[in-house]
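>
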Amino acid sequence: SAMSITPTSKMIESRMRSALWGMFSGDALASPTHWYYGGFPQIQSDYGRAGITGYTRPVTNLPGSILNKSDPNGGGRRSFSSKFGNQKQVTIIGDVINHGKLKYWDPKKSVHYHATLQAGENTLEMQIARVLMKSIAVNDGRFDEDHFRKAYVDFMTTEGSHSDTYASTCHRMFFANMVFEKRDPHLCPDNDGHNVDTIDGLILPSITALAETARHLSVSGYDSLDVSVESRKAIQEAAARTAAITRSSKVLEKSSEVWASLMYAALVTPTNNGNSKNEMEQPLRKVAQELGLGNPQPNRRDQMSACYLSQSLPPTLDMLYKYTEPSFLNDGAGIWKALISNANVGGENVHRGAVLGAVLGARVGDENLPQELKSGLYERELLEKEIDSFVDAVMQKTENVGKTTVKEL
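Right, here's the structure in full:
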């Protein structure tokens with residue numbers, strides 16, 4: 446069989462970069478059709494016969510939008526929470542987070558979840574992923590809970606820090622706990638038993654898994670594909686701790702640990718050139734098994750799903766199996782086609798797009814990404830700088846690398 450290319454630091458660095466670009470792309474491509482449950486006809490009616498073919502500005506109005514049934518002061522939908530009575534003057538959406546956006550949440554309107562975003566602009570969860578990347582970069586490539594928690598609160602409560610209209614349940618509950626219940630930010634993560642154990646919860650843990658994998662590999666000197674069992678465990682635990690900063694969900698923490706092992710496999714599994722075997726088949730099966738799901742099927746049509754982990758993970762794994770097939774991925778534009786296809790499925794495709802992009806990106810490598818994937822992103826130059834400093838820090842290439850070796854891993 447063909448020789449496997451040994452993973453050098455250069456390969457890992459390239460895969461890290463393309464995993465991040467893949468996340469930004471998958472998210473931004475799908476934002477115009479987020480939570481479109483009417484399938485492709487609904488997408489066509491808003492965006493033309495071909496549907497989504499590249500970065501597209503979301504429409505303003507969306508009939509039946511759940512945004513306008515959602516509670517701007519806490520979790521879930523409006524009817525669930527009048528527990529704060531009418532005494533409050535402040536609204537979480539508008540005053541505390543998503544400043545100036547309350548008018549779009551008016552129950553008499555039907556507004557698109559991302560009505561205020563430009564073409565190629567990232568949604569809130571990927572904007573928070575950038576906050577996490579910066580936090581890791583200034584902490585010598587490590588995930589630091591306290592630093593990120595503070596950075597998250599500062600980012601969310603700073604007017605103009607992002608442009609998104611919608612904020613998911615976990616963020617609304619977090620800040621309702623902080624402002625109305627006067628809780629310390631450590632005690633603000635919450636769960637409404639419905640809208641928190643969701644696929645958007647895997648985005649931040651994916652970033653930490655990338656960082657910790659690269660850091661543990663760089664410390665072991667890239668001499669093998671493998672890091673120790675302890676290191677693998679540390680990578681998984683860091684991913685779970687990341688999930689716990691913004692939401693309280695044991696099922697999400699467990700899923701994040703499993704997802705971290707998939708991110709690890711996507712970064713380190715060699716590519717056998719000229720081989721028709723899908724190297725990600727085994728890792729994907731293992732992940733499905735650990736999540737208690739059936740084996741992923743590569744030949745299914747891309748399925749629409751809602752956001753709940755139990756519904757969204759099986760089609761996500763199916764799509765990953767299908768789109769990591771060599772016939773698909775070896776074609777440079779394969780990742781772009783996959784992320785466009787995800788955008789045209791509708792449903793919860795935005796956060797799925799980000800996690801698909803992470804794994805597919807890691808398999809493609811930066812030098813093989815199609816130009817249009819990067820060039821159409823709204824803040825392309827800025828994203829590039831942030832990716833550079835993140836990669837330098839986690840690959841331990843920065844000046845203060847001396848300090849890092851002294852600290853305990």
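Using the working numbering, the first residue of the sequence shown is number 446, and each one after it goes up by one. Heads up, the beta-carbon is just placed ideally off N, CA and C, and yes, glycines get one too.
Can you give the Cα-Cα distance for Ala612 and Ser721, rounded to whole angstroms?
Cα-Cα distance, rounded: 42 Å.
> Which same chain residues end up closer than 8 Å to Pro743 when comparing Cβ atoms and leaving out the 5 residues on each side of it in sequence?
Contacts found: Asn723, Asp763, Tyr766, Lys767, Glu770.
> In chain order, what residues of the same chain lie with their CB nearer than 8 Å to the CB of Pro728, ignoring the 5 residues before and after it?
Excluding positions up to five away in sequence, the list reads Ser706, Leu707, Ala710, Ala711, Thr714.
> Could you please give the first and the last residue of the uninterrupted alpha helix (DSSP H) stretch that includes Lys767?
Start and end: 754-768.
> Leaving aside the five residues before and after Val641 along the sequence, list all residues of the same chain whose C-beta is less than 7 Å from its C-beta, in chain order.
The residues are Thr614, Cys615, Arg692, Ser694.
> Look up Asn813 in the DSSP assignment and say whether it is helix, strand or coil.
Looking at Asn813 - three-state DSSP - the assignment turns out to be helix.
> Is it the case that the Cβ atoms of Pro741 and Ala778 are separated by a distance below 8 Å?
In this structure, Ala778 does not lie closer than 8 Å to Pro741 by Cβ.
> When burial is assigned at 16 or more other CB atoms within 10 Å of the CB, is Arg825 buried or exposed?
Label assigned to Arg825: exposed.
> Let me make sure I understand the geometry here. Which of Trp550, Gly586, Gly646 has the alpha-carbon closest to that of Gly798?
The residue with the shortest Cα to Cα distance from Gly798 is Gly646.
> Please report how far the alpha carbon of Leu655 lies from the alpha carbon of Pro634, in whole angstroms.
Straight-line Cα distance between these residues: approximately 23 Å.
> Just tell me which of Tyr481, Thr505, Lys554, Lys579 has its CA closest to the CA of Tyr597.
Tyr597 has its Cα closest to that of Lys579, out of Tyr481, Thr505, Lys554, Lys579.
> Considering Tyr823, what are the terminal residues of the alpha helix (DSSP H) in which it resides?
It is not in any alpha helix (DSSP H) - Tyr823 carries neither H nor E in the DSSP assignment.
> Which residues in the same chain as Thr501 place their Cβ atom closer than 7 Å to its Cβ, once the five residues preceding and following it in sequence are excluded?
Here the set comprises Pro477, Tyr492, Ala564.
> Determine the closest residue to Gly792 out of Ser463, Phe469, His479, with distance taken between C-alpha atoms.
Checking every option, the nearest Cα to that of Gly792 belongs to His479.
> With 16 as the cutoff for other CB atoms within 10 Å, does Asp599 come out buried or exposed?
So Asp599 counts as exposed.
> Which value, in whole angstroms, describes the spacing of the CA atoms of Glu829 and Ser463?
So the alpha carbons of these two residues sit roughly 11 Å apart.
> Taking the straight line between their C-alpha atoms, what separation do you get for Val535 and Pro503?
Between Val535 and Pro503, the C-alpha separation is close to 29 Å.
> So which of Arg808, Leu649, Asn518, Met456 has the shortest CA-CA distance to Tyr543?
Inspection of the sequence shows that residue 543 is occupied by Asn rather than by Tyr. Residue Asn518 is the option with its Cα nearest to Asn543.
> Relative to the C-alpha of Asn567, which candidate in Asp629, Tyr753, Val795, Leu801 has its C-alpha closest?
Cα-wise, what sits closest to Asn567 is Val795.
> Please confirm whether Phe469 and Leu822 have their CB atoms less than 8 Å apart.
Result yes, Cβ atoms of Phe469 and Leu822 sit closer than 8 Å.
> So what's Met461 in DSSP terms, helix, strand or just coil?
If DSSP states are grouped into helix, strand and coil, Met461 belongs with the helices.
> Determine the extent of the alpha helix (DSSP H) in which Gln681 is found, giving its start and end residues.
674-691 is the span of the alpha helix (DSSP H), which, as asked, contains Gln681.
> Can you give me the Cβ contacts of Leu507 inside the same chain, cut-off strictly under 7 Å, excluding the 5 residues immediately before and after it?
Closer than 7 Å at the Cβ level, and outside the excluded window around Leu507, lie Ser555, Val556, His557.
> To which residues does DSSP link Ile542 through a beta bridge?
Ile538.
> Taking buried to mean at least 16 other C-beta atoms within 10 Å of its own C-beta, is Thr603 buried or exposed?
That one is exposed.
> So, with DSSP's three-state summary, where would you put Thr716?
Coil, per DSSP.
> When DSSP labels each residue in this structure, what does Ser694 get in the three-state scheme?
If DSSP states are grouped into helix, strand and coil, Ser694 belongs with coil.
> With 8 Å set as the bound, which would you pick, yes or no: does the beta-carbon of Lys627 sit closer than that to a beta-carbon of chain B?
Protein chain content of the structure displayed is limited to a single chain, and chain B is not contained in it.
> What separation, rounded to the nearest whole angstrom, lies between the Cα atoms of Ser524 and Ile488?
Residue confidence is low: Ser524 scores 41 on pLDDT, short of 50, so the model does not pin down where it sits. No coordinate-derived value is stated.
> Going by Cα to Cα distance, which pick from Arg594, Lys731, Glu657 is closest to Leu632?
Checking every option, the nearest Cα to that of Leu632 belongs to Arg594.
> For Ser526 and Ser786, I'd like the C-alpha separation in whole angstroms.
Only weak support is given to the placement of Ser526: the predicted model assigns it a pLDDT of 44, under 50, and the question is left unresolved by the model.
> Taking the beta carbon of Glu458 as the centre, do at least 16 other beta carbons fall within 10 Å, making it buried, or is it exposed?
So Glu458 counts as buried.
> Are there 16 or more other CB atoms within 10 angstroms of the CB of Arg494, so buried, or fewer, so exposed?
Exposed is the call here.
> Please report the Cβ distance between Ala683 and Thr653, rounded to the nearest whole angstrom; I am assuming they are in contact, meaning their Cβ atoms lie under 8 Å.
Correct: roughly 5 Å between the Cβ atoms.
> How many angstroms separate the CA atom of Leu465 from the CA atom of Ser454?
Straight-line Cα distance between these residues: approximately 17 Å.
> Can you tell me whether His639 is buried or exposed? The criterion is at least 16 other CB atoms within 10 Å of its CB, across all chains shown.
When all chains shown are included, His639 counts as exposed.
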